[in-house]
DNA sequence: CTGCGGATGTGTACAATGCCCACATTAAAG
DNA sequence: CTTTAATGTGGGCATTGTACACATCCGCAG
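Protein chains in written order, with my numbering: chain A, 8 to 200; chain B, 8 to 200.
Structure follows, in structure tokens:
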């Protein structure tokens, strides 16, 4: 397809840079991603990426945007996998699981200034959170709605952040999921009744 | 005292580097902190810091350690400021308030690999969390203790992360504190007994 | 007091990086 | 076919992290 032409022009360097950058990020930490390394991996000169991204932050923002879309899709998928009471648990597990599976990307999405400064990334983040909010909206009486929504969101995000930071350890994935279930049910059980 | 001698030797360069680095971090984002800028601010040659920190990550870890100690102290102080039921609310407000007041440092503490790799920093983080854990221990029956502790911690940490990310807005500090109180009381209020 | 050794700070150096500029190539619009 | 804008190349610059060799100084043994 697009890989069959080694000519002067790449074909879709923009996308190639994005995937190269995501690969690099997955292989190491944030410092592994340099514009020049991305260019090398895409088989292109060090400056070529600048034709598609005004600066490094723009590339990082594009990566974060992709990350938010993937996270959103994972949440939506989890939301369809169970009956009502379990849905939020599954979404929490999916949220944390995404972080575990893509730690450096997760850190980029929530830790790097670029996600705040780029409107496209902020929009993707908002979309992602809207999925959580919709589910939470079905779980609680109206008068507690706002506080509960905020709390549930914070709970899930905090779980993810702490697990990613190694502050909460688990032997394997299923132990982790069990822990998440236990925590979420304990915390939400208090509110539900 | 130690600032009165402009001679060849600095006196306490180790501490000077730490405070210079913390100043730089407070003035901008993480990228503002370069070893060379730290050296400049301390009025010393670019390589002098290497006599006290083996590499840049070691300096960052020292900064994170300091951050955890300050956060711990803020939590301990909050814990003494009210009667039993309010203590956890005040601790949550202090936790988020620390993040608001030191966003870049907070990001370092919870986002950067150095806090995982340096034992001293990990220890400081554990100490900090122990303060939260102790308070939580008084709020809940033993069989729910683990899940509740994790949940409460995640809740507070998630609140801080979301507020810092601009995902939860508040007009001013007292509106923010009110929101935190509302969320915390909703999530764990009626279980106190 | 002398001189000596280890701790601390300086200088030079190098590779890598982000980014700027001028130039080359090419695909597509006229 | 010609022109033109998009895309990729090459060279260059300042900054950064860090290694190595040298300078300076504090404290201690004689």
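Built from N, CA and C at the ideal position, the CB exists for glycine as well. Computed from a prediction, not measured in an experiment: that's the story for all the values here.
- Around the C-beta of residue 119 of chain A, 16 or more other C-beta atoms lie within 10 Å, and the residue is accordingly described as buried.
- In the DSSP annotation of this structure, the continuous segment of the alpha helix (DSSP H) that includes residue 154 of chain B starts and ends at 152-171.
- Contact with chain B is absent for residue 39 of chain A, since none of that chain's Cβ atoms lies less than 8 Å from the residue's Cβ.
- Within the segment 85-106 of chain B, not one residue has a Cβ closer than 9 Å to any Cβ of chain A.
- Just measuring C-alpha positions, the residue of A:129, A:20 and A:179 sitting nearest residue 103 of chain A is A:179.
- Legend: CB atoms of the segment 123-146 of chain B lying less than 9 Å from CB atoms of chain A belong to residues 123, 129, 132, 133 and 136.
- C-alpha of residue 72 of chain A to C-alpha of residue 122 of chain A: approximately 8 Å in a straight line.
- Non-local beta-carbon contacts of residue 78 of chain B in its own chain, meaning distances under 6 Å to residues more than five positions away in sequence, involve 105 and 135 in chain order.
- Per DSSP, residue 102 of chain B is one residue of the alpha helix (DSSP H) stretching across 91-108.
- Closest by C-alpha distance to residue 86 of chain B, out of B:65, B:67, B:143 and B:150, is B:143.
- Taking C-beta separations shorter than 6 Å and ignoring five residues to either side along the sequence, the partners of residue 184 of chain A in its chain run 100, following chain order.
- For residue 140 of chain A, the closest alpha carbon among the candidates A:125, A:161, A:21 and A:150 is that of A:161.
- Inter-segment contact for the segment 24-35 of chain A and the segment 45-56 of chain A is present: three or more beta-carbon pairs are separated by less than 8 Å.
- Closest in C-alpha terms to residue 145 of chain B, from the list B:49, B:55, B:95 and B:70, comes B:95.
- Nearest neighbour of residue 181 of chain A by Cα position, chosen from A:58, A:124 and A:107, turns out to be A:107.
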